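Okay, structure first, notes after.
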Amino acid sequence: MPPFRKTPPISHRVMLLTILLALFPWRPSVLVSPEPSPCQEPRQVGADSLHATSSQEDWEEVAKRQDRHLCYVLPVKGHDDAETISNVLNGDCRHRALVVLPGEEYNMNTPITTTDLDDVHIHLFGRLLWSPDIPYWLSVSMPIGFQNQSTVWYFGGDRVHWDGHGTGTLDGNGQVWYDWAKGQGNLPHRPMMINWRHLTNSVVRRTRFVQSQMWTMATSWSRNILFEDIYVNNTSSREHSTLNTDGVDTINSDNITFRRWDVTCGDDNIALKGNSSNIFVHDSVFHGGQGLAIGSLGQYNGRHEYIDNFYARNVTMHNTRYAIYLKTWPGHQNGWPPNGGGGGLGHGEHIAIEDIVVNGTRTAPFWIWQCEHYEGDMGKDCDSSQFSFSDVAFRRVSGTTAPGVTLAASLRCAAGGGGCTNVTVQDFSVTEGSSGEPMSEWYCANVHGAKGFECEPFPPEEEE
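In mature numbering (1 follows the signal peptide of the UniProt record, and there is no 0), the protein residues as written are -32 to -1, 1 to 432.
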């Protein structure tokens, strides 16, 4: 049996209802209708009603009704299923297609580039499992164009609808990578599972991402994407940490929505890198990690970057380091990326979080820091950054810090970029974890237009 089967399309008579269902896959509430009489047409099978054990004939009916090619991809024992998936998405099912992966486990033994998809629906029910061959992956991982970050899958196109149905999983076999890294950060050629690259007007939903090799995923040069009902869990079962296992990073991307995410990781739960605009996070839960991150920014000497319009609402954070932190590099270059650098410039504006619950944040919930560095100069040269922040708001933030954490905010803004302007706090009710005392310390430097809180200078022991 071949690893996949292709069904040709019917004629190009596409009903308006089919177009609407393809473009808007969310299921509206409907009235319950009586059982059909013998003379009525039977109910048509829809993709949302199918599952891993549905027959190929059921999927052929869906493909026929939607006038799509069908590629029904089965795993083959001892075979590199990544090669098959690549051939399908670059061949017969690259355009106006329905791709179904119903198998239990697919062996991912080679890198994939599938960046020219057009109007493709993907249904993943099983597990894509990457092999643990670290030397091989270090030799073939593909750069994403930021720091030394790399990936094993470039995925892009237009009008892609990816549905994992709650069981579809990408598994990076991460424990071997955590043991190999031994807590060292930004090791070269250590890949993320997938880079959503030049992906537009698309939806990724109901999918699990576990045990990522490094970052879980990143969007780059992408726009108009909804990621909803996403589960991320990168957990080490041994002594070595899961440093660098970000949940997701956005780079050079616009209009990206993350809705109903559940993220367990050892680094930034959701992070915005340079040139990210209109990024939204809704109705999500974080476990461990750093929380929401804006940055890091300004790492590349002379390069202008921006963050414009970030909004997070209704997020619960358990044992994260912060609720949100904004981080830039100093204004003078010292070393080279990924662990050194600086000298970049730019601005971040319209950054807001609201309806946030924190349970045991490990340090101040709000943190701005403009002296990032990973080669021994962390926390130095904090006033030189040429990156500015404005119109930052923290609204309706409640919960507790870890015991002993009494600082509400550490806002160390750089004078070199003009500091931080228009920082607003409203309805803040976070208490210290052991005493239940309200938090009242707000350390600031170069904050202009503080509203809803009183700045006080950093104490001498907190200065450089």
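Glycine included, every Cβ here is placed at the ideal spot set by N, Cα and C.
For clarity, every value in this text was computed on a predicted model and none was experimentally measured.
Those residues which DSSP pairs with residue i across a bridge
| i | result |
| --- | --- |
| residue 182 | According to DSSP, which records beta bridges pairwise, residue 182 is partnered with nothing at all. |
| residue 320 | 279, 361 |
| residue 151 | In the DSSP output, where bridge partners are listed per residue, residue 151 has none listed. |
| residue 238 | 260 |
| residue 32 | Beta-bridge pairing links residue 32 to no other residue. |
| residue 285 | 254, 326 |
| residue 414 | Residue 414 pairs with nothing; no bridge assigned. |
| residue 229 | 198 |
| residue 377 | 334, 410 |
| residue 273 | 314 |
| residue 139 | 97, 178 |
| residue 165 | 188 |
| residue 293 | 261, 335 |
| residue 83 | Its beta-bridge partners do not exist; DSSP assigns none. |
| residue 308 | According to DSSP, which records beta bridges pairwise, residue 308 is partnered with nothing at all. |
| residue 128 | 88 |
| residue 367 | 326, 398 |
Three-way DSSP call (helix, strand, coil) for residue i in this model
| i | result |
| --- | --- |
| residue 103 | helix |
| residue 6 | For residue 6, the predicted structure reports a pLDDT of 31, less than 50, and the residue's modelled location is therefore unreliable. The matter cannot be settled from this model. |
| residue 49 | helix |
| residue 409 | strand |
| residue 268 | coil |
| residue 253 | strand |
| residue 57 | helix |
| residue 145 | helix |
| residue 434 | There is no way to answer for residue 434, as the model of the chain reaches only from -32 to 432. |
| residue 420 | coil |
| residue 159 | strand |
| residue 426 | coil |
| residue 1 | Since pLDDT at residue 1 reaches only 29, below the 50 mark, its modelled position is unreliable, and no value is offered. |
| residue 134 | coil |
| residue 299 | coil |
| residue 385 | helix |
| residue 246 | strand |
| residue 204 | coil |
| residue 342 | coil |
| residue 171 | strand |
| residue 223 | strand |
Residue i and residue j closer than 8 Å at C-beta
| i | j | result |
| --- | --- | --- |
| residue 204 | residue 143 | yes |
| residue 336 | residue 357 | yes |
| residue 323 | residue 364 | yes |
| residue 145 | residue 102 | yes |
| residue 236 | residue 179 | no |
| residue 198 | residue 218 | no |
| residue 334 | residue 376 | yes |
| residue 277 | residue 246 | yes |
| residue 35 | residue 62 | no |
| residue 185 | residue 213 | no |
| residue 71 | residue 43 | yes |
| residue 401 | residue 428 | no |
| residue 89 | residue 133 | no |
| residue 60 | residue 39 | yes |
| residue 267 | residue 309 | yes |
| residue 250 | residue 286 | no |
| residue 413 | residue 380 | yes |
| residue 208 | residue 151 | yes |
| residue 221 | residue 170 | no |
| residue 327 | residue 386 | no |
Span of the beta strand (DSSP E) around residue i
| i | result |
| --- | --- |
| residue 97 | 95 to 98 |
| residue 196 | 191 to 201 |
| residue 21 | First-last for residue 21: undefined, no H or E at that position. |
| residue 388 | 388 to 399 |
| residue 112 | It is not in any beta strand (DSSP E) - residue 112 carries neither H nor E in the DSSP assignment. |
| residue 73 | 73 to 76 |
| residue 350 | Looking at the DSSP string, residue 350 is not in any beta strand (DSSP E), and its letter there is neither H nor E. |
| residue 69 | 63 to 69 |
| residue 40 | 37 to 41 |
| residue 211 | Run containing residue 211: none; DSSP gives neither H nor E here. |
Discussion item. Using 8 Å as the cut-off, can you tell me whether the region 228 to 242 makes contact with the region 158 to 170, which would need three or more C-beta pairs spanning the two stretches below that distance?
Written reply: Too few Cβ pairs lie closer than 8 Å, so no.
Discussion item. Taking contact to mean 3 or more Cβ pairs, one atom from each stretch, closer than 8 Å, check whether the region 392 to 410 and the region 340 to 350 are in contact.
Written reply: no
Practice prompt. Inspect the CB distances between the region 120 to 131 and the region 72 to 86 and report whether three or more fall short of 8 Å.
Written response: yes
Discussion item. Could you check whether the region 253 to 265 touches the region 300 to 307, counting it as contact only if at least three pairs of C-beta atoms, one from each stretch, sit closer than 8 Å?
Written reply: no
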